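In the working numbering, the protein residues as written are 28 to 1143.
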């Protein structure tokens, strides 16, 4: 099976960037597979098929029901029409109001093949033998419309029953045990086609009953006479079916010769016009049996199960048939043992004979493989006239146009480098064996071939796995599916036509912020905070507007210039990327979603400058929604504001500015970073589903699940139930119109994804020309329910809207859902009539992996958030996670240095992780003991191997790295913001620590405690770190999480002092022990016993330790 994908770069759509593409070539390079034209007229030409094809299997689907304006109510078992069981059927009620011109009934489309003009095609209908529809003059009441890609091919074509090997065109087939008779409705295509539609023309009393349709088909049936005829006899059968030579015999009652039986050799000779008189036309008619035997030299059964077998007869007088008359066909196996006898009633005999010349056919479908067949006419005094058996014949069962076992293997996806195991899934009802098809060179990946557990994912790259069906009866090639895991994806933005305008650490800055005057005439506001964040490589940090500062019209908010004055379009400081064509230049921002509309967004724009002068020209402003969800409690939405810049434009400065008075709804404005992109390249700035895997027949084995699709009668809904296959084709240029503006009474469309989709993948619904807007509540009108192995998983209505120019009505929109459970089927149900969503045009579905702005996979499995404002409540385990620590460290009270702070974490950290999070030369210390009134701490060697910061252990820390001002992140589809002071470390392991939220260490009468609770109450007479000092408290305090405090276990009441590595007060620690809020501040000097000295001058005191102004002072 070929896996076809859009090029895979996983990242929030439209957001520029960031994960190595998961690539599989499509036939024409744009995601739509190429369909070849097949023909059955010339074996010497390409794409020849040598047998009738039933349009069944996952590649075929019902494409329209009714006329698309009025759906016929009462349809039943539509799922039977395209499944691979060719004995069941769908029922379509009669069209009482059918017009003489045309009333479509149903159409079937082959999504994977075209067929050549001149090919015959049609439908197999079935009915009880007495049904009047079997005697209907088909040409007067039914026609067939051929279509290609939804467009009509020629006019309506008249129906015939086709010509078989007998030349009679009766096309009747009896199904043993069912009492049913099949009849073919056939027409010849006037041109190439991929869809056939059955159309009713006019009404007749015989048409007023329901019509049962088994399947649609294309091509001629492969037929052979069981004779020695050289053109179509047994030798031709052996040649074309790959069998060895046959010998034929013709006998009477048994498949072996009996004594004195008359010769029946005329039934098997080369002449097809002679025969044997099975019923003699004498005064008392006599019926004698005829048995034809085929003996292959390969010792297998001559004909397979499902073969249609019958006899060509002549002379039967239909007018003389009576109720008791009939015929029997008996089948025998290769050992000449009887399989069974199958009776055909007089009504069936009557249907199978042409009254004019008394020629007829008697045909059944063989329920088992066989090697001999006997015919015998029955009845009391048969009065059917002299009837001859000319010969026996077989008609091969049609081939399925497509076949695929419902393996439903895990859909291909990106996998975070933080994990080294992955569980592949499949449909439990299908037994498969997993194997490794491909993996990166040097990888030690392991695979359990029975369970699908992948272990030792170690080297970034593509890992391809194959699930092969262990048992696929009747097929030489077993079904299989491929799953590609793109492990630890990486991405170079420049390779995809995007320059992100940030400065890389350790390199000379390429970009600088615009100065106060914007480099020209545009003033830069001072109301923006954390402005430098837009130049850092942390794409989650942002500059933000200070809400208390009013912003006047025509004010620049933030700007970026090239450091050396070079042209942005030319590439910078040796950067090879140059933009030679049209560009998109913009900023990624988040704004408050409430009340957002086009007028509000027009308050913002982008201006370009070159050498301090504004660049004028034809630039068009666009707002593109890029984040699949609202961010945090402020309900802000991440977007990119960009302008299209014509080719050849020179500019060295980009400024985001506002043109009008800021409304209250836009008081929250965060600016993340700026970019320049190639407007003609296929990347996330141009294509919101860039990197997404389209859900289609070819890509994922998707199909419409008609067993759970509820079609109801709806008036005046356009083409609401036409082009159903557009939901599962490869193209995002075709669509299905889903009528949401009317009362649909429980209508549901169910789509089998063809794969198991993990919860870490987003489901994107692409719609056409629908102004969903930023505030439109699609969930009010449309519900999507997921299923796995037919078990309901969850109902999803929280649609998030993406798309280019979402404020307007032009272009496609992208509605995103974030499932929290794995699934393999979705059911779309309108739940409320909304005028804004009338006749919603759905182009299809796509799967994508949610990514962070920095190109890492979003936090479904590997983002550990520790927030000082919240009590630790994380119960799941993580391996190799990214840790986001929101912890505010205070600075010294007397200077602007970071200072010492307490810290306790529920994770272990190595030296590299401590440096990554808190900076080079970070110091860490732990409690040693309380000795002689000294609280003694000792430093930790943060350069040591292994773990240097142990989980659940209180420390003090002296960080050197400036924290991120803010950090936006997404977990389970919900985007949130950590406000200020965020430290990040990767590769963190965590297991549930919520059972015990407070931890202590002891040292010689002193307890050092830390807590993960917010708030935690610390009692009085404790020692707490604040602003670089150690405060001896005289009252209780509430503190936030991830903080620690000291407690004197002896309760001596003495003033204690602090020492780090033996350096006490006035040493190198800069930590002073201070009494909290004493009323006698500045009123005297005290010794450590609390006794007031008789002088306020330290110089007049002897050597010792004293408390002066609530601080401990050492007199040397």
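Beta carbons are placed, not taken as given, at the ideal position from N, Cα and C, and that holds for glycine.
Given the structure is predicted, the values throughout are model-derived calculations rather than measurements.
Going by C-alpha to C-alpha distance, which of the options sits closest to residue i?
| i | options | result |
| --- | --- | --- |
| residue 1031 | 638, 516, 960, 683 | 960 |
| residue 328 | 271, 298, 595, 343 | 271 |
| residue 483 | 319, 514, 734, 775 | 514 |
| residue 609 | 723, 675, 559 | 675 |
| residue 4 | 257, 450, 906 | Because the chain in this structure spans residues 28 to 1143, residue 4 falls outside the shown range and cannot be described. |
| residue 775 | 737, 848, 1101, 401 | 737 |
| residue 946 | 1128, 979, 1010 | 1010 |
| residue 962 | 1035, 970, 398, 1020 | 1035 |
| residue 590 | 1063, 542, 607 | 542 |
| residue 132 | 141, 764, 118 | 118 |
| residue 367 | 353, 387, 151, 391 | 391 |
| residue 562 | 464, 681, 481, 498 | 681 |
| residue 512 | 560, 592, 487, 440 | 440 |
Return helix, strand or coil for residue i, following the three-state DSSP convention.
| i | result |
| --- | --- |
| residue 945 | helix |
| residue 294 | helix |
| residue 338 | strand |
| residue 1076 | coil |
| residue 523 | helix |
| residue 386 | strand |
| residue 595 | helix |
| residue 183 | strand |
| residue 984 | strand |
| residue 558 | helix |
| residue 1087 | strand |
| residue 940 | helix |
| residue 1049 | strand |
| residue 751 | helix |
I need the straight-line Cα distance from residue i to residue j, nearest angstrom please.
| i | j | result |
| --- | --- | --- |
| residue 508 | residue 533 | 46 Å |
| residue 678 | residue 539 | 14 Å |
| residue 956 | residue 1077 | 13 Å |
| residue 569 | residue 893 | 20 Å |
| residue 72 | residue 64 | 11 Å |
| residue 416 | residue 248 | 22 Å |
| residue 1133 | residue 1140 | 5 Å |
| residue 883 | residue 443 | With a pLDDT of 43 at residue 883, under the threshold of 50, the modelled position of that residue is not reliable, and the figure given next carries that caveat. Using only the alpha carbons, I get a separation of about 7 Å. |
| residue 277 | residue 78 | 28 Å |
| residue 98 | residue 992 | Reliability fails at residue 98, whose pLDDT of 46 lies under 50, so the model's placement of it is uncertain and no value is given. |
| residue 791 | residue 536 | 38 Å |
| residue 546 | residue 684 | A caution first: residue 546 carries a pLDDT of 42, below 50, which makes its placement in the model unreliable, though a value can still be read off. Going from the Cα of residue 546 to the Cα of residue 684 covers about 13 Å. |
| residue 705 | residue 671 | 10 Å |
| residue 475 | residue 448 | 11 Å |
| residue 421 | residue 75 | 22 Å |
Which whole-angstrom value describes the C-beta separation of residue i and residue j, a residue pair presumed to lie in contact below a C-beta threshold of 8 Å?
| i | j | result |
| --- | --- | --- |
| residue 919 | residue 1052 | Between residue 1052 and residue 919 the Cβ distance is about 11 Å, and since that is not below 8 Å, they are no contact. |
| residue 404 | residue 294 | About 15 Å; that fails the 8 Å criterion. |
| residue 528 | residue 587 | 5 Å |
| residue 793 | residue 729 | Not confirmed; about 14 Å, so no contact. |
| residue 148 | residue 245 | 4 Å |
Quick check on the DSSP output: the beta strand (DSSP E) that includes residue i runs from which residue to which?
| i | result |
| --- | --- |
| residue 726 | Per DSSP, residue 726 belongs to no beta strand (DSSP E); it is in the alpha helix (DSSP H), 724-727. |
| residue 261 | Where residue 261 is concerned, there is no enclosing beta strand (DSSP E), although the alpha helix (DSSP H) it sits in stretches over 261-267. |
| residue 586 | 582-589 |
| residue 131 | 130-137 |
| residue 120 | Looking at the DSSP string, residue 120 is not in any beta strand (DSSP E), and its letter there is neither H nor E. |
| residue 106 | First-last for residue 106: undefined, no H or E at that position. |
| residue 1028 | 1025-1030 |
| residue 440 | 440-442 |
| residue 910 | 905-913 |
| residue 1128 | Here residue 1128 belongs to no beta strand (DSSP E), and DSSP marks it neither H nor E. |
| residue 275 | 273-278 |
| residue 792 | 788-795 |
I'd like to know whether the C-beta of residue i is nearer than 8 Å to at least one C-beta of chain C.
| i | result |
| --- | --- |
| residue 452 | Here there is only one protein chain, and chain C is not present. |
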